[in-house]
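Novice: Please see the structure below; I have some questions.
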Amino acid sequence: MLYRKPTFNDVESIYDLVNTYANDGVMLARSRNTLYETLRDMIVAEENSEIVGVGGLHIIWNELAEIRTMAVTDKVTRQGIGKKIVEMLMEEAKMLGVKTLFTLTYKPGFFAKIDFKEITKEELPHKVWKECIDCPKFPNCDEIAMMRVL
180 MLYRKPTFND VESIYDLVNT YANDGVMLAR SRNTLYETLR DMIVAEENSE IVGVGGLHII
240 WNELAEIRTM AVTDKVTRQG IGKKIVEMLM EEAKMLGVKT LFTLTYKPGF FAKIDFKEIT
300 KEELPHKVWK ECIDCPKFPN CDEIAMMRVL
């Protein structure tokens, strides 16, 4: 398994992977535009020249960042690929000086295994919600908020 920063050539594969889960209602959709804009935030897992996993680290504010766009293709789930991606994003976060990570997820069990704790959405700073206005579920967010102190 090769873990690396994505390139422009990976955007279509990332788009397909993320939106497969979004179509099943277990992840928020991401537009191609958003993926291009956040390409530098991401890490991909590649196997046999195919993108099989992705995750992103999005800086929100001073010492606060979000783990987002987490997806691993069904054919390689439960092999530690998602965990490895999150661990790599956490290392990157530490190098940047991030002290707190959070995620909004429909898969709290995955994040709980890597020491994220469930919190109420009200515990997150208002700055976190600036992109929510564009979400089709706004203002009725049903994702679960989780946090981890680094």
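If you're matching positions, the sequence shown starts at 180 in our numbering and goes up one per residue. For glycine and all other residues, C-beta sits at the position ideal for the given N, C-alpha and C.
1. When you compare only the Cα positions, how much space is there between Thr-252 and Phe-290?
2. Per the contact definition of three or more C-beta pairs closer than 8 Å, is the stretch 217–234 in contact with the stretch 198–206?
3. Ignoring anything shorter than 3 residues, give me the beta strand (DSSP E) runs that lie fully in the stretch 205–250, in order along the chain.
4. Buried or exposed: Arg-247, going by 16 or more other Cβ atoms within 10 Å of its Cβ?
5. Flag this pair as touching only if the stretch 254–268 and the stretch 210–218 have three or more C-beta atom pairs under 8 Å; answer yes or no.
6. Whole angstroms is fine: what's the gap from His-191's alpha carbon to Val-231's?
7. Taking all protein chains shown into account, decide if Pro-304 is buried (16 or more other Cβ within 10 angstroms of its Cβ) or exposed.
8. What separation, rounded to the nearest whole angstrom, lies between the Cα atoms of Lys-234 and Lys-286?
Specialist: Reading from the atomic positions:
1. Counting from one through the sequence shown, the residue named residue 252 turns up at place 73. Counting from one through the sequence shown, the residue named residue 290 turns up at place 111. Whole-angstrom Cα-Cα distance: 17 Å.
2. no
3. 221–226 and 229–240
4. Mapped onto the sequence shown, residue 247 falls at position 68. So Arg-247 counts as buried.
5. no
6. The residue you call residue 191 lines up with position 12 of the sequence shown. The residue you call residue 231 lines up with position 52 of the sequence shown. The question names His, yet the displayed sequence has Glu at residue 191. So the alpha carbons of these two residues sit roughly 12 Å apart.
7. The residue labelled residue 304 in the question sits at position 125 within the sequence shown. Exposed.
8. Taking the sequence shown and counting its residues from 1, the one referred to as residue 234 is at position 55. Taking the sequence shown and counting its residues from 1, the one referred to as residue 286 is at position 107. The residue you asked about is not Lys; residue 234 is Gly in the sequence shown. Whole-angstrom Cα-Cα distance: 14 Å.
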